[in-house]
Amino acid sequence: MKQWFAKCPLISILRGVRPDEVIPIVAALEAAGVAIVEVPLNSPQPLESIKLIADNFGDRMLVGAGTVMTPDQVREIAGVGGKLIVTPHADPEIVRTAKGLGMLAAPGFFTPAEAFSLLKAGADCLKIFPAEAFNPAALKGIRAVLPPGTMVVPVGGMTAETIPEWTAAGAAGFGIASAIYKVGDTAEIVGQKAAALVASLRKAA
């Protein structure tokens with residue numbers, strides 16, 4: 011996961027994206043410097059969108075699924091070329107399934123107990139969710155007790171304005187949803203949003 015975050019520490023969350031629009035939207039993200047794309051499974055025909063992204067961008071971008079709830083879904087995502095699993099909750103079995111298939115796992119957590127159980131299962135990074143209920147000071151505190159090098163990614167409410175304070179607290183990356191894509195956005199709009207977020211990251215670095 012570190013190599014992908016080194017390219018760009020944004021996970022672009024395309025919740026609600028449709029297969030017929032996903033290729034130009036992801037092309038706009040790539041042009042803006044984004045390297046990681048997540049299609050939540052509660053989007054229309056998510057597996058089709060993931061396959062399209064994997065087929066067209068998989069050699070240079072990391073693509074996967076969010077809102078993953080079961081090991082069976084992990085296997086389906088792997089079957090269409092997805093390489094990343096993101097969950098909203100702490101389920102070590104999903105992490106173990108993903109790692110067994112050679113995938114990257116970014117499960118959600120909210121407590122230290124959840125964080126440690128996910129790391130034991132092999133999680134590549136940890137997603138603080140919902141980050142709106144957390145804060146940068148809390149992130150700094152929990153990072154003090156996690157193993158050195160643990161990558162923590164806040165998701166929820168992240169914007170170009172909030173990125174700097176989370177970066178200062180030690181966030182390794184950011185999951186960005188509506189601030190990078192919301193239903194109805196054109197590829198041009200997504201590209202503009204992504205460029206602003208990437209610029210904010212560079213400024214905060």
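Counting along the sequence shown from 1, when you hit position 149 you're at 159 in this note's numbering, and nothing is skipped either side.
Heads up, the beta-carbon is just placed ideally off N, CA and C, and yes, glycines get one too.
Q | Best match in M71, K17 and S59 for proximity to G89 [C-alpha to C-alpha] | A | Your numbering for residue 89 matches position 79 in the sequence shown. Residue S59 is the option with its Cα nearest to G89.
Q. If you compare alpha carbons, which of G26, F15 and G132 is closest to D187?
A. Residue 187 sits at position 177 when you count from the first residue of the sequence shown. The amino acid occupying residue 187 in the given sequence is Ala; Asp does not appear at that position. Closest by alpha carbon: G26.
Q: Can you tell me which of the three DSSP states K150 falls into?
A: Here residue 150 refers to the residue found at position 140 of the sequence shown. If DSSP states are grouped into helix, strand and coil, K150 belongs with the helices.
Q) Under a three-way DSSP split, which group does I190 fall into? A) As a working note, residue 190 is residue 180 in the sequence shown. DSSP places I190 in coil when its eight states are reduced to three.
Q) Rounded to the nearest angstrom, how far is the Cβ of E40 from that of I21, given a contact under 8 Å? A) Counted from its first residue, the sequence shown places residue 40 at position 30. Counted from its first residue, the sequence shown places residue 21 at position 11. The beta-carbon separation of E40 and I21, rounded to 14 Å, does not stay under the 8 Å limit for a contact.
Q) Which residues does DSSP pair with S53 in a beta bridge? A) As a position in the sequence shown, residue 53 is number 43, starting the count at 1. In the DSSP assignment, S53 forms no beta bridge with any residue.
Q. According to the Cβ coordinates, are G185 and V208 closer than 8 Å?
A. If you number the sequence shown from 1, residue 185 lands on position 175. If you number the sequence shown from 1, residue 208 lands on position 198. Not a contact, by the Cβ cut-off of 8 Å.
Q) Helix, strand or coil for P164 per DSSP? A) The count along the sequence shown starts at 1 and reaches residue 164 at position 154. Of the three classes helix, strand and coil, the one that applies to P164 here is strand, per DSSP.
Q) Using the C-alpha atoms, what's the distance from L211 back to L149? A) Within the sequence shown, residue 149 is the residue found at index 139, counting from 1. Within the sequence shown, residue 211 is the residue found at index 201, counting from 1. Approximately 18 Å, taken between the alpha carbons.
Q | Identity of the residues DSSP links to E48 by a beta bridge | A | Sequence index remark: in the sequence shown, residue 48 carries index 38 (1-based). DSSP lists I23 and G74 as partners of E48.
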